[in-house]
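Start counting the sequence shown at 0; every next residue gets the next number (numbering that gives the first Met the number 0).
Accompanying notes for the structure given below.
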Amino acid sequence: MPARLTVHFPSRPARVYLLPDSRETVVGRDSDCDVMLDDDRVSRRHAVLSCDPSGWSIADAGSKNGTFIGGVLVESRPLREQTWISFGGLIARFETLSLPVERMEEERRRRLTTSLDLRRGLVPGLGLGELLPRVVASMLEMTNAERGFLLLASPQGDLEVAARSGLAWEDFRAEEFGGSLGAVQRALATGSPVVSTDVRSDAELGGRASVISTGIRALLCVPVHALDRLIGVMYADSRKLGAAFTELDLEILEALAAQAGLAIAVARLDAELKGLAHRIAETPGADPALRERLAGEVSAVLERSLQVARPTSGWAGGLAAQAPPPADRP
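What follows is the structure, given as structure tokens:
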């Protein structure tokens, strides 16, 4: 049966490779390899994966830094249905597939279709009160992450948690969350996504001299732009064993962030224009014709903004120093 190899790069999205059972798969740094891993720890021709009637196996190809299974250096070994492999220190998860490759491609198309449906649901007409939580819920649904939040810049330029899920306010001040905040700050500073995979100890192997850490915690930060302006960042993480954010996750989340950015900007504009229209209408002694003309102009601007936001195929303040929210905040 075919298999899947998910490679966990430390600072990049995980990459998924489908391994055919009809031929050998060469893993290495050389561009001619079937699975090309651009990592200095990996040898040019590092290992060979193959399948025969008895199942899958791996053989080291004379690599410099070795091939490890479960923390043990191996030259050749059969592979279980689910196995962690270290290619000289670069961690990968091997698993056999019960579904044919065609079904895997169908699943990929299904995820892309679902992401489009979720993006269509991010419309300014919801209002910020409903839109912001929906952005976070859509992000977690599409990435299978456990926790997430949306940071947005206030009119004064300070960053605020606009919506969150799976996180208490105390979590933002916890020491262990410092690395996550650092990733958020980097995404804001560079305007580019940040993906990180931490590799931690597996309790099963804790007593061994050489341990391949498999308790993986993954996080993903994607900047949110609106009309070429950086207005915030979306953050998601997972502490599940073997969790990773793939290139497909990043592609989906960047599209979601693009739609969210436009919807949020227009929803904010909507609220401001409605407030302005209300103040105009309530101004004592104002010329009725003037009020009517200004109200019409406000409506026209809003309608044009809503059309732009429909789905299509330097910062002030610091995150770590953000003031804690009021105790009665939900």
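Glycine is no exception: its CB is placed at the ideal position from the N, C-alpha and C atoms.
Just so you know, these numbers come straight off a predicted model, no measurement behind them.
* Asked: With 16 other CB atoms within 10 Å as the buried threshold, where does residue 107 fall?
  -> The residue in question, residue 107, is exposed, as its Cβ has fewer than 16 Cβ neighbours within 10 Å.
* Keeping to the same chain, check which residues put their C-beta closer than 6 Å to that of residue 38; ignore five residues upstream and five downstream. => The beta carbon of residue 38 sits closer than 6 Å to those of 89, all from its chain and outside the five residues before and after it, given in chain order.
* Stretch-stretch touch, CB-based, cutoff 8 Å, three pairs: the segment 5-19 with the segment 234-245 -> Touching, yes.
* Is the Cβ-Cβ distance between residue 66 and residue 85 less than 9 Å? -> In this structure, the beta-carbon distance from residue 66 to residue 85 falls below 9 Å.
* **Beta-ladder partner(s) of residue 141, from DSSP** => Its beta-bridge partners do not exist; DSSP assigns none.
* Asked: Given residue 15, which residues of its chain have a CB within under 7 Å of its CB, disregarding the five upstream and five downstream residues?
  -> Answer for residue 15: 3, 5 and 245, listed in chain order.
* To do: Classify residue 76 as helix, strand or coil using the three-state DSSP reduction.
  => It is a strand residue.
* Straight-line gap, residue 61 to residue 193 (C-alpha atoms, nearest Å) -> Using only the alpha carbons, I get a separation of about 34 Å.
* residue 114: buried (16+ other C-beta within 10 angstroms of its C-beta) or exposed? -> Using a 10 angstroms sphere on the CB of residue 114, the tally of other CB atoms reaches 16 or more, which defines it as buried.
* Please state whether DSSP places residue 265 in a helix, a strand or coil. => Here residue 265 sits in helix by DSSP.
* **Cβ neighbours of residue 121 in the same chain (closer than 8 Å, five flanking residues each side left out)** => Closer than 8 Å at Cβ, skipping near neighbours: 130, 133, 134, 137, 255, 258, 259, 262 and 310.
* Asked: Identify the residues that DSSP records as bridge partners of residue 0: which are they?
  -> Bridge partners of residue 0 according to DSSP: none are assigned.
* **In chain order, each beta strand (DSSP E) run of at least 3 residues that lies wholly inside the segment 13-39** => Fully enclosed beta strand (DSSP E) runs of 3 or longer: 14-18 and 24-27.
* **Cα-Cα separation, residue 63 to residue 27** => Going by the C-alpha atoms only, they are around 11 Å apart.
* Asked: What residues in its chain sit with their C-beta under 7 Å from that of residue 206, if we drop five residues either side in the sequence?
  -> With a pLDDT of only 34 at residue 206, under 50, the local geometry of the prediction cannot be trusted, and the value read off the model is given with reservation. Excluding positions up to five away in sequence, the list is empty.
* **CA nearest to the CA of residue 233, picked from 249, 227 and 239** => Closest in C-alpha terms to residue 233, from the list 249, 227 and 239, comes 249.
* Asked: Which one or two residues does DSSP pair with residue 92 in a beta bridge?
  -> For residue 92, which the question treats as bridged, DSSP gives the partners 5 and 83.
* Residues in its own chain within less than 6 Å of residue 23 by CB, not counting five upstream and five downstream? -> Contacts found: 47 and 49.
* Asked: Excluding sequence positions up to five away, which residues of its chain have a Cβ less than 8 Å from the Cβ of residue 159?
  -> The answer, listed in chain order, is 150, 151, 152, 153 and 321.
* Asked: Under a Cβ-count criterion, where at least 16 other Cβ atoms within 10 Å of its own Cβ denotes burial, should residue 379 be classed as buried or exposed?
  -> The structure shown does not extend to residue 379, since the chain spans only 0 to 329, so no value can be given for it.
* **Status (buried if at least 16 other CB within 10 Å, exposed otherwise) for residue 228** => Here residue 228 is exposed, its C-beta having fewer than 16 other C-beta atoms within 10 Å.
* Report yes if the C-beta distance between residue 218 and residue 182 is below 9 Å; otherwise report no. => Cβ distance < 9 Å, so residue 218 and residue 182 count as in contact.
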